[in-house]
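Peer 1: This is the structure I have questions about; it appears just below.
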Ligand SMILES: Cc1cc2nc3c(=O)[nH]c(=O)nc-3n(C[C@H](O)[C@H](O)[C@H](O)COP(=O)(O)OP(=O)(O)OC[C@H]3O[C@@H](n4cnc5c(N)ncnc54)[C@H](O)[C@@H]3O)c2cc1C
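In our numbering, the protein residues as written are 4 to 380.
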């Protein structure tokens, strides 16, 4: 019997779930996306979770396995062909630090982590001259830790690819805001005055999960965080093979193809869902991040700005699973600043839950019941 499944929210999580579910001939899939304020379209694009000092082991497992999942997942999406470097490319990561002892400490952490994360690749401390061999515009004198397994992804292009493939596989994409209601043991979704009935729903609406579940009387521990970044143009350089740079400070440098270099992002906890661009704030970020790295980069023309919303729980831990009290409704959120890294794997886990398959990540380690609660009244 055909199962009617809906996905609400098509950022990287929902679009990845959509790709997985669209391959299942027993499922008729409808995807709803309102298309505003996506975290994914704004994201900087770093896939390099290993050189973090964050101690949450369950989070680390999710992002480590998320990074390892990417190449095989993209191969599956491309039907065995290579993915375009405009979408994803393994370019390596450079972690720049002023103090050599800090780099040696991070090298030791990386080598330990490589035992169960071989995808981190080669690890080596590079001199400033060796950094210049990889990025000719580097003017600093600091050294860096090199991890050859780092990658970068264009979140918007990835989502477009996943949705295009899901639609080719037979899914329906509705670019509207959806409202959710329970109807007996099924779910009604209303979009643009039209109602449809579903057996199972995936709620991948990230920072907007509280609004989606509010009419069903749920309280959701999720808050929005605004992030802004700039895309610079270094048109005289072929930047496609340059590694991702994580300098000291709040922001990173992420080179893409054809001279496009992203610098970002801000982490603003007091702006709610506002998406307006504050050019002076981004200018400060560029000066602080690129100023000591390369004058050429910090003076490059800004081709555009992006702004998006990250979703955080109060203890910064991500969650996914079946919504307590809503059978066959599955949600994920709280992926914070590493959701582009974890997103495809989390999307696959949501798809597996819909299909009744044990998910690749242990669902009990990311307990949704701690963050999504039905109110008493
Ligand atoms: C500036 C910035 C930089 C970042 N950089 C990185 C990075 O370098 N590396 C990394 O790993 N992560 C990064 N992140 C984090 C990452 O982008 C997010 O964690 C991730 O994209 C979240 O994906 P998602 O699918 O859960 O949510 P989103 O991408 O936010 O998608 C949710 C979607 O649901 C839709 N929606 C919500 N409610 C409804 C409704 N009722 N009906 C229909 N549609 C609805 C929204 O419109 C949206 O399109 C960054 C985030 C930001 C903002």
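Cβ atoms here follow ideal geometry from the backbone N, Cα and C, with glycine treated the same way.
Give me the Cα-Cα distance between residue 225 and residue 210, rounded to the nearest whole angstrom.
Peer 2: For residue 225 and residue 210, the distance between alpha carbons rounds to 6 Å.
Peer 1: Tell me whether residue 147 is buried or exposed, calling it buried when 16 or more other Cβ atoms sit within 10 Å of its Cβ.
Peer 2: Looking at its Cβ environment, which holds 16 or more other Cβ atoms inside 10 Å, residue 147 is buried.
Peer 1: Following the continuous beta strand (DSSP E) through residue 201, name the residue where it begins and the one where it ends.
Peer 2: Where residue 201 is concerned, the enclosing beta strand (DSSP E) stretches over 197-201.
Peer 1: Looking at the structure shown, is residue 356 part of a helix, part of a strand, or coil, going by DSSP?
Peer 2: In the structure shown, residue 356 sits in a helix (DSSP, three-state: H, G or I).
Peer 1: For residue 15, tell me which candidate among 126, 43, 263 has the shortest Cα-Cα distance.
Peer 2: Among 126, 43, 263, the Cα nearest to that of residue 15 belongs to 43.
Peer 1: Tell me, to the nearest whole angstrom, how far the beta carbon of residue 221 is from that of residue 378; I am working on the premise that it is less than 8 Å.
Peer 2: Indeed they touch by this definition, with Cβ atoms about 7 Å apart.
Peer 1: Residues in the same chain with beta-carbon distance under 7 Å from residue 22, minus the five sequence neighbours each way, listed in chain order, please.
Peer 2: Excluding sequence neighbours, residue 22 sits near 80, 165, 168, 169.
Peer 1: Should residue 340 be listed as close to ligand 3, given that the test is whether its C-beta is under 6 Å from any heavy atom?
Peer 2: Ligands in the displayed structure: ligand 1; ligand 3 is not one of them.
Peer 1: Among 57, 214, 111, 248, whose alpha-carbon lies nearest the alpha-carbon of residue 141?
Peer 2: The shortest Cα separation from residue 141 among 57, 214, 111, 248 belongs to 248.
Peer 1: Between residue 351 and the rest of its own chain, which residues show a CB-CB distance below 8 Å, the 5 nearest in sequence each way excluded?
Peer 2: So the list reads 19, 20, 23, 72, 76, 362, 363, once near-sequence residues are dropped.
Peer 1: Within the chosen definition, does the region 180-190 reach the region 310-319 through at least 3 CB pairs nearer than 8 Å?
Peer 2: The region 180-190, when compared against the region 310-319, does not touch it at the 8 Å Cβ threshold.
Peer 1: Whose C-alpha, out of 261, 275, 291, is nearest the C-alpha of residue 254?
Peer 2: Taking only the C-alpha atoms, the option nearest residue 254 is 291.
Peer 1: So, using beta-carbon positions, are residue 327 and residue 267 closer together than 7 Å?
Peer 2: Contact flag unset, no.
Peer 1: Counting only the same chain and skipping the five closest in sequence on each side, list residues whose C-beta sits under 7 Å from that of residue 293.
Peer 2: Taken in chain order, the residues that qualify are 256, 266, 300, 301.
Peer 1: Which residues share a DSSP beta bridge with residue 331?
Peer 2: BP columns for residue 331 are empty, so no partner.
Peer 1: Tell me whether residue 227 sits in a helix, a strand or coil according to DSSP, three-state version.
Peer 2: In this structure, residue 227 counts as strand in the three-state DSSP scheme.
Peer 1: Buried or exposed: where does residue 91 fall if 16 or more other Cβ atoms within 10 Å of its Cβ makes it buried?
Peer 2: Residue 91 should be labelled buried.
Peer 1: Considering residue 184, what are the terminal residues of the beta strand (DSSP E) in which it resides?
Peer 2: Note, residue 184: beta strand (DSSP E), 182-186.
Peer 1: Along the chain, which unbroken stretches of the beta strand (DSSP E) at least 3 residues long are found entirely within the region 231-298?
Peer 2: Runs of the beta strand (DSSP E) inside the region 231-298: 247-249, 255-258, 263-267.
Peer 1: Does any heavy atom of ligand 1 sit closer than 6 Å to the C-beta of residue 39?
Peer 2: Yes.
Peer 1: Please work out which residues of its chain come closer than 8 Å, Cβ to Cβ, to residue 246, disregarding the five sequence neighbours upstream and downstream, and give them in chain order.
Peer 2: Cβ within range, chain order: 94, 95, 96, 97, 137, 138, 149, 153, 258.
Peer 1: Between which two residues does the alpha helix (DSSP H) holding residue 366 run?
Peer 2: Neither: residue 366 is in no alpha helix (DSSP H) and is coded neither H nor E.
Peer 1: Any heavy atom of ligand 1 closer than 6 Å to the beta-carbon of residue 2?
Peer 2: The structure shown does not extend to residue 2, since the chain is modelled only from 4 through 380, so no value can be given for it.
Peer 1: Secondary structure at residue 118, three-state DSSP: helix, strand or coil?
Peer 2: The answer is coil: DSSP assigns residue 118 none of H, G, I, E or B.
Peer 1: Residue 325 lies in the beta strand (DSSP E); which residues open and close that run?
Peer 2: Unbroken beta strand (DSSP E) run through residue 325: 322-325.
Peer 1: Cutting at 8 Å between CB atoms, please list the residues of its own chain near residue 175, excluding the five before and the five after it.
Peer 2: Answer for residue 175: 32, 33, 34, listed in chain order.
Peer 1: With respect to the beta strand (DSSP E) encompassing residue 193, which residues constitute its N-terminal and C-terminal limits?
Peer 2: First-last of the beta strand (DSSP E) with residue 193: 189-194.
Peer 1: Using a Cβ-Cβ cut-off of 8 Å (strictly less than) and excluding sequence neighbours within five positions of residue 269, which residues of its own chain qualify?
Peer 2: Result list for residue 269: 229, 230, 231, 232, 253, 254, 284, 285, 288, in chain order.
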